[in-house]
Amino acid sequence: MLTPLLQQFRFARFLASALTANIGQNALSYTLLIVVIKETGSGIHTSLFVLCSLFPVIVLGLVAGVVVDHLPNKLTLATANAVRAVAVALLLYEPTNVWAIYVVASLLWTVQLFSSPAASSALPAILPMARISSGQALVDVVNLLAQLIGMVIFAPIVLKVIGPEPVYVVTAALYGVAAYLVLTIPDMTDQKMKRLRLQAESRRMQLVDVLSAGWRMLRADNVAFQAMVQYTLLGTATAIVVVLVPQYTEDVVRTKPENLVYIFSPAAAGLAVGLWLAPVLGRTVGNPAAARIGFAAFVSSIAGFAVSGLIADLVEEQGFLPLEEIADFFRVRMTVVVTMLLAFPGGVGAGIVGIATKAVLFERAPPEARGRIFATQNWASGVLSVVPTFLAGLVSSLVDVRFAIFILAFALAAVAIYARFGMQPWRGHSPAPG
9 MLTPLLQQFR FARFLASALT ANIGQNALSY TLLIVVIKET GSGIHTSLFV
59 LCSLFPVIVL GLVAGVVVDH LPNKLTLATA NAVRAVAVAL LLYEPTNVWA
109 IYVVASLLWT VQLFSSPAAS SALPAILPMA RISSGQALVD VVNLLAQLIG
159 MVIFAPIVLK VIGPEPVYVV TAALYGVAAY LVLTIPDMTD QKMKRLRLQA
209 ESRRMQLVDV LSAGWRMLRA DNVAFQAMVQ YTLLGTATAI VVVLVPQYTE
259 DVVRTKPENL VYIFSPAAAG LAVGLWLAPV LGRTVGNPAA ARIGFAAFVS
309 SIAGFAVSGL IADLVEEQGF LPLEEIADFF RVRMTVVVTM LLAFPGGVGA
359 GIVGIATKAV LFERAPPEAR GRIFATQNWA SGVLSVVPTF LAGLVSSLVD
409 VRFAIFILAF ALAAVAIYAR FGMQPWRGHS PAPG
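Position in the sequence shown counted from 1, then plus 8, gives you this note's numbering.
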């Protein structure tokens, strides 16, 4: 089924634009993070960098959904890539200025608010509904490939050998290519969604109703709400982990932060497995149950990082030969081997959660409200991530980073359990069928 998908001109161009833009995005994200760490050496500054991705979500998250629902997807995506190309090019004037990086990062993430739901809304217009699942799987594979090329191969090598400037140049060029590719794709907006949108306009809904529509739909549908909670917690945890990982790499693994991309590379392999496994689990146990399984694996992986040192000591004391041989072969500490092994199930869980929760929302979201629902999800993730992300940088500077990781795992499990068993859906809005 995948080969016919690739043969479709519109979908092939869509994948090509996503690949080029995401290679640049991943290379740039890694480069900016490492520059901030090298220039400041501060967990709080790392938190500020991550917060640059969250504040735009809080301020413009819901508005972005309304804009996406009312503009052609082609215009939104092409403009977003063009703006990002210009913003990255401006970094060439101050390549290592931390405050300039914060400003540009904030602008890039503001643009992401519009491009991400636009891309999600464009997929049903490009592919027939029967092929959405296969198409989404290919999109996720492309995103994974972009992470491998941009974050694992290109950026670390160029940054270490030359510096950040070549990364900025290549990223700006990639965004420009992505903008051009989007412009060559005809008809990227669902015609049914257009008609429903016009009907909504004819009813002259108040702005506050439009902004809250996504939230009300999600809270009225318990299945969709659970998917949103799991996806939101995944995003929040990822933001916090980005803050904690540099400190963890130095204090626990005892290596330089720029090596973290290699130490945690098994997470990318796990993500690929999760992307493959998610549709299988979805067909076997249903997408909601698949999301719960993936989330449990993700939280268990994070909890394992909190005791990775104890696991490494236990392996060395008891003499578990396979792990000792791996450590000897690669000439690394046992904590490196344990960390890499723990990262794999975390990637598997993240991949399953990402696919399964999106599948639930695609199944249950009305076509005319998809942009608002995806934007509502992003907004909730941003709001819930601000305080924990800042506290993560502060706490990691004051206490053992493993304690902070343990608190994160405990909080994720507690919130997910409460959301599933302790919250009831709102009754004022009809849930989606199913």
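Each residue gets a CB set at the ideal place from its N, CA and C atoms; glycine is no exception.
### Query
Taking Cβ to Cβ, would you say A412 is nearer than 7 Å to L252?
The count along the sequence shown starts at 1 and reaches residue 412 at position 404. The count along the sequence shown starts at 1 and reaches residue 252 at position 244. A contact, by the Cβ cut-off of 7 Å.
### Query
Hey, how far is the Cα of F19 from the Cα of T84?
For the purposes of this step, residue 19 is identified with residue 11 of the sequence shown, where counting begins at 1. For the purposes of this step, residue 84 is identified with residue 76 of the sequence shown, where counting begins at 1. Roughly 17 Å between the two C-alpha positions.
### Message
Beta-carbon within less than 7 Å of D259's beta-carbon, same chain only, minus the 5 sequence neighbours each way: which residues are those?
### Response
Counting from one through the sequence shown, the residue named residue 259 turns up at place 251. Cβ neighbours of D259 beyond the five flanking positions: V409.
### Query
For G290 versus A358, is the C-beta distance shorter than 7 Å?
The residue given as residue 290 occupies position 282 in the sequence shown. The residue given as residue 358 occupies position 350 in the sequence shown. Going by C-beta atoms, G290 is not nearer than 7 Å to A358.
### Query
Considering only C-alpha positions, which residue in the set I301, V345 and L40 is nearest to L318?
Along the sequence shown, read from residue 1 onward, the residue named residue 318 stands at position 310. Considering only alpha carbons, the answer is V345.
### Query
What's the call for L279, buried or exposed, on a 16-neighbour Cβ count within 10 Å?
By one-based count along the sequence shown, residue 279 stands at place 271. Its Cβ being crowded by 16 or more others within 10 Å, L279 is buried.
### Task
Could you pull out every residue in the same chain whose Cβ sits closer than 8 Å to the Cβ of I310, ignoring the five residues on either side in sequence?
Translated into positions along the sequence shown, residue 310 becomes position 302. Counting only Cβ-Cβ distances below 8 Å, and skipping sequence neighbours, we find A245, V249, G354, I413, L416, A417 and L420.
### Query
Which word fits Q326, buried or exposed, when buried means at least 16 other C-beta atoms lie within 10 angstroms of its C-beta?
To locate residue 326, count along the sequence shown from 1; it is residue 318. Looking at its Cβ environment, which holds fewer than 16 other Cβ atoms inside 10 Å, Q326 is exposed.
### Task
Below 6 Å CB to CB, which residues in the same chain sit around E324 once its five sequence neighbours on both sides are set aside?
By one-based count along the sequence shown, residue 324 stands at place 316. Around E324: M342.
### Task
Consult DSSP for N105 and reduce its assignment to one of helix, strand or coil.
Counted from its first residue, the sequence shown places residue 105 at position 97. The answer is coil: DSSP assigns N105 none of H, G, I, E or B.
### Query
Is P439 helix, strand or coil when you go by DSSP?
Along the sequence shown, read from residue 1 onward, the residue named residue 439 stands at position 431. Bear in mind that the predicted position of P439 carries a pLDDT of just 47, short of 50, making it too unreliable to give a figure here.
### Query
Can you tell me the Cα-Cα spacing of I45 and F272, whole angstroms?
Sequence index remark: in the sequence shown, residue 45 carries index 37 (1-based). Sequence index remark: in the sequence shown, residue 272 carries index 264 (1-based). Cα to Cα, the separation comes out at about 17 Å.
### Buried versus exposed, by CB contacts within 10 Å (16 or more), I109
Start at 1 with the first residue of the sequence shown, and residue 109 comes out as number 101. When all chains shown are included, I109 counts as buried.
### Query
If you compare alpha carbons, which of G362, A305, V160 and A388 is closest to L349?
The count along the sequence shown starts at 1 and reaches residue 349 at position 341. If we check each option's Cα against that of L349, A305 comes out closest.
### Message
Taking a contact to mean a Cβ-Cβ separation below 7 Å, would you say N267 touches M159 in this structure?
### Response
Translated into positions along the sequence shown, residue 267 becomes position 259. Translated into positions along the sequence shown, residue 159 becomes position 151. Against a cut-off of 7 Å, the Cβ pair of M159 and N267 comes out as no contact.
#### Entry: Endpoints, the alpha helix (DSSP H) within which F429 is located
Looking up residue 429 in the sequence shown gives position 421. Element bounds for F429: V409 to F429.
### Query
If we ignore side chains and look at the alpha-carbon of each, how far apart do L361 and R139 end up?
Within the sequence shown, the letter at position 353 stands for residue 361. Within the sequence shown, the letter at position 131 stands for residue 139. For the sequence presented, residue 361 should be read as Val rather than Leu. Going by the C-alpha atoms only, they are around 20 Å apart.
### Query
From N89, W284, A154 and V237, pick the residue whose C-alpha is nearest to that of F303; which is it?
The sequence position of residue 303 within the sequence shown is 295, counting from 1. Closest in C-alpha terms to F303, from the list N89, W284, A154 and V237, comes V237.
### Query
Which stretch, first to last residue, makes up the alpha helix (DSSP H) that contains R339?
As a position in the sequence shown, residue 339 is number 331, starting the count at 1. Segment: none, R339 is in no alpha helix (DSSP H) and carries neither H nor E.
### Query
How far does the alpha helix (DSSP H) with Q234 in it reach, from first residue to last?
Working through the sequence shown from its first residue, we reach residue 234 at position 226. Looking at the DSSP string, the run of the alpha helix (DSSP H) that includes Q234 is N230 to Y256.
### Query
With a cut-off of 8 Å, do at least 3 Cβ pairs link the segment 87–95 to the segment 143–152?
no
### Query
Roughly how many angstroms separate the alpha carbons of S128 and F122, rounded to a whole number?
Within the sequence shown, the letter at position 120 stands for residue 128. Within the sequence shown, the letter at position 114 stands for residue 122. Roughly 10 Å separates the two Cα atoms.
### Message
Assuming K46 is part of the alpha helix (DSSP H), what are its boundary residues?
### Response
In the sequence shown, the residue the question calls residue 46 occupies position 38. Residues F17 to T48.
### Query
Helix, strand or coil: how does DSSP classify I170 here?
Position 162 of the sequence shown holds residue 170. Three-state result, I170: coil.
### Query
Would a C-beta distance cut-off of 7 Å place A275 and A351 closer than the cut-off?
As a working note, residue 275 is residue 267 in the sequence shown. As a working note, residue 351 is residue 343 in the sequence shown. Yes.
### Unbroken stretches of the alpha helix (DSSP H), 4 residues or longer, contained in the segment 108–134
none
### Query
Using the beta-carbon count (16 or more within 10 Å), is K82 buried or exposed?
For the purposes of this step, residue 82 is taken as residue 74 along the sequence shown, with counting starting at 1. Looking at its Cβ environment, which holds 16 or more other Cβ atoms inside 10 Å, K82 is buried.
### Message
Taking the alpha-carbon of R372 as reference, which of I301, N295 and V403 has the nearest alpha-carbon?
### Response
For the purposes of this step, residue 372 is identified with residue 364 of the sequence shown, where counting begins at 1. The residue with the shortest Cα to Cα distance from R372 is N295.
### Query
Is DSSP giving F272 helix, strand or coil here?
Counting from one through the sequence shown, the residue named residue 272 turns up at place 264. If DSSP states are grouped into helix, strand and coil, F272 belongs with coil.
### Query
Using the beta-carbon count (16 or more within 10 Å), is V119 buried or exposed?
Within the sequence shown, numbered from 1, the residue matching residue 119 stands at position 111. V119 comes out buried.
### Query
By a C-beta neighbour count over all protein chains shown, 10 Å radius and 16 as the cutoff for buried, is G312 buried or exposed?
Taking the first residue of the sequence shown as 1, we reach residue 312 at position 304. Classification for G312: buried.
### Message
Distance cutoff 7 Å, beta carbons only. Does L146 sit that close to anything in chain C?
### Response
The question asks about chain C, but that chain is absent: this structure has only one protein chain.
### Task
Specify, as a first and last residue, the run of the alpha helix (DSSP H) that L79 falls within.
Residue numbering aside, residue 79 sits at position 71 when the sequence shown is read from its first letter. Careful: L79 lies outside any alpha helix (DSSP H) and carries neither H nor E.
### Task
Would you mind sorting G130 into buried or exposed? The rule is 16 or more other CB atoms within 10 Å of its CB.
As a position in the sequence shown, residue 130 is number 122, starting the count at 1. Sequence inspection shows Ala at residue 130; the Gly mentioned does not correspond to that position. With 16 or more other Cβ atoms within 10 Å, it is buried.
### Message
Taking 7 Å as the threshold (C-beta atoms), are P103 and P194 in contact?
### Response
The sequence position of residue 194 within the sequence shown is 186, counting from 1. The sequence position of residue 103 within the sequence shown is 95, counting from 1. Their beta carbons are not under 7 Å apart, which means P194 does not touch P103 by this criterion.
### Query
Given 8 Å as the limit, is there contact between the segment 391–400 and the segment 46–58, that is, 3 or more CB pairs closer than that?
Taking 8 Å as the limit for Cβ pairs, the verdict is that the segment 46–58 does touch the segment 391–400.
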